[in-house]
Amino acid sequence: MSASKVQPKLIIHGGAGLSLKSKGGVEAVRKALHGIVEEVYALLQAGGSAKDAVIKGCQLLEDEPRFNAGTGSVLQSDGNIRMSASLMDGAVQRFSGVINASRLKNPIALAEFLQNESDRVLSDYGSAELLRELKIPAYDPLTDLRLQEWIEERKQNFSKAMAGTIAEPELTGARRGTIGVVALDAEGQLCAGTSTGGKGLERIGRVSDSAMPAGNYANGRAAVSCTGIGEDIIDECLAARIVVRVTDGLSLSEAMERSFRESKERGRDFGAIALSADGAIAWGKTSEILLGAYHTGAIVGDTLEWTTEEEVSGSIE
Ligand code: ASP
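For the sequence shown, this note's numbering begins at 8 and goes up steadily by one.
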């Protein structure tokens, strides 16, 4: 590595929510997250940009049916899947995304395309038009497990606030989902991407935080991807809040600690992953569990067993 280059860093998540039911569930999630972290880190190490790493990481996580994004997305109250995704390139501080897109495999690919357009955030109708324009083949992201979950929920008249964090064969227990990737490349540039099937069971037309700067934000100093109850994330404007705090001089770990402490006092329910340009990696949660994994360049770690009540954030250089 030449003197002007920095050590790339990477952190990803597969959602936040209630603790996973089974030990088997934890191990399966660990295996999936670690495999993706290793694969995406190799790209950064080979000189890939933070933006390319984030797009690749989001695609891999969207393609993993266990997580609530792309294939394996949860169903909304009417039994349809509508997905939202966004990309924020910190190098140029530019946001792009799609809201409630359907019948496609990788929503992050639309966010990628929109990075270079003058209209950069499209809703359902616009994203369907764009799919046609780009000749992206129609794809059904529905899995049997998610359909079964929805059928069970319908029997109980949708009494849950959200669908499962991950698709587990047992139909009760953990909740929530969403995936996210935050990367720092060897040039010192940051990028964040987030993709979701939403809360699950929501009202038609409900807009997720995942394609808003509240849920996914980056500039030249810091980058953040959030997961959890979208309405709580929006009310805290969480991702942008953390990034602005770092930009104004707080360290990443201070910015996370302060933002999560305040959010916990207000009874919020979510988690976030973050990186700063100085190479710090951080994560935070007010939910029971955050399904995060990271690569420092030296070690691969995760946040899967981190279920503490007292601590709201953690970090590693
Ligand atoms: N934040 C997502 C939403 O509210 C859901 C999640 O992260 O689990 O749409």
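Heads up, the beta-carbon is just placed ideally off N, CA and C, and yes, glycines get one too.
Predicted model, so just to flag it, every value in this text is computed and none were measured.
Checklist line | Any 3 or more C-beta pairs closer than 8 Å across the segment 221-228 and the segment 240-251 | finding: Yes: the two stretches touch, three or more of their Cβ pairs being nearer than 8 Å.
Next item on the list: Kindly examine the ligand ASP and report whether one of its heavy atoms sits closer than 7 Å to the Cβ of K206.
Entry: Within the sequence shown, numbered from 1, the residue matching residue 206 stands at position 199. Yes, since a heavy atom of the ligand ASP falls inside the 7 Å radius drawn around the Cβ of K206.
Checklist line | Reduced DSSP category for L178 - H, G, I as helix; E, B as strand; rest coil | finding: Taking the sequence shown and counting its residues from 1, the one referred to as residue 178 is at position 171. Annotation note: pLDDT 39 at L178 (below 50); position unreliable, coordinate value reported separately. Correct three-state label for L178: coil.
Margin query: I believe R228 touches A279 by the beta-carbon criterion, under 8 Å. Please report the beta-carbon distance rounded to the nearest angstrom.
Written below: By one-based count along the sequence shown, residue 228 stands at place 221. By one-based count along the sequence shown, residue 279 stands at place 272. With a Cβ gap of about 16 Å, R228 and A279 do not count as contacting.
Notebook entry, point to check: Relative to the alpha-carbon of L298, which residue among Q14, A305, I19, T254 has its alpha-carbon at the smallest distance?
Noted result: Counting from one through the sequence shown, the residue named residue 298 turns up at place 291. Residue I19 is the option with its Cα nearest to L298.
Next item on the list: Please name the residue in S266, L51, I186, D242 whose C-alpha comes closest to that of G21.
Entry: Along the sequence shown, one-based indexing puts residue 21 at 14. Comparing Cα positions, the closest option is I186.
Item checked: Alpha-carbon spacing of R73 relative to V44, whole angstroms -> Mapped onto the sequence shown, residue 73 falls at position 66. Mapped onto the sequence shown, residue 44 falls at position 37. Whole-angstrom Cα-Cα distance: 16 Å.
Check: What distance in whole Å lies between the Cβ atoms of S260 and S320, which are believed to be in contact at a cut-off of 8 Å?
Finding: Position 313 of the sequence shown, counted from the first residue, corresponds to residue 320. Position 253 of the sequence shown, counted from the first residue, corresponds to residue 260. Yes, they are in contact, since the Cβ atoms of S320 and S260 sit about 7 Å apart, within 8 Å.
Next item on the list: Answer with buried or exposed for G53, where buried requires no fewer than 16 other C-beta atoms within 10 angstroms of its C-beta.
Entry: As a first step, residue 53 must be located in the sequence shown, where it is residue number 46. Correcting the residue type first, residue 53 is Ala in the shown sequence and not Gly. Exposed.
Checklist line | Inter-residue spacing [alpha-carbon to alpha-carbon] between A92 and P114 | finding: For the purposes of this step, residue 92 is identified with residue 85 of the sequence shown, where counting begins at 1. For the purposes of this step, residue 114 is identified with residue 107 of the sequence shown, where counting begins at 1. A direct Cα-to-Cα measurement between A92 and P114 gives close to 6 Å.
Notebook entry, point to check: Can you check whether the CB of I211 is closer than 8 Å to the CB of S56?
Noted result: As a position in the sequence shown, residue 56 is number 49, starting the count at 1. As a position in the sequence shown, residue 211 is number 204, starting the count at 1. No, these two residues do not count as a Cβ contact at 8 Å.
Next item on the list: For D70, I'd like the list of residues in its chain whose CB is within less than 8 Å of its CB, leaving aside the five on either flank, ordered along the chain.
Entry: Mapped onto the sequence shown, residue 70 falls at position 63. Contacts found: G77, T78, K112, N113.
Next item on the list: Under the assumption that D126 contacts N107 (Cβ atoms under 8 Å), give the Cβ distance between them as a whole number of angstroms.
Entry: Position 119 of the sequence shown, counted from the first residue, corresponds to residue 126. Position 100 of the sequence shown, counted from the first residue, corresponds to residue 107. Rounded, the Cβ-Cβ distance is 16 Å, inconsistent with contact.
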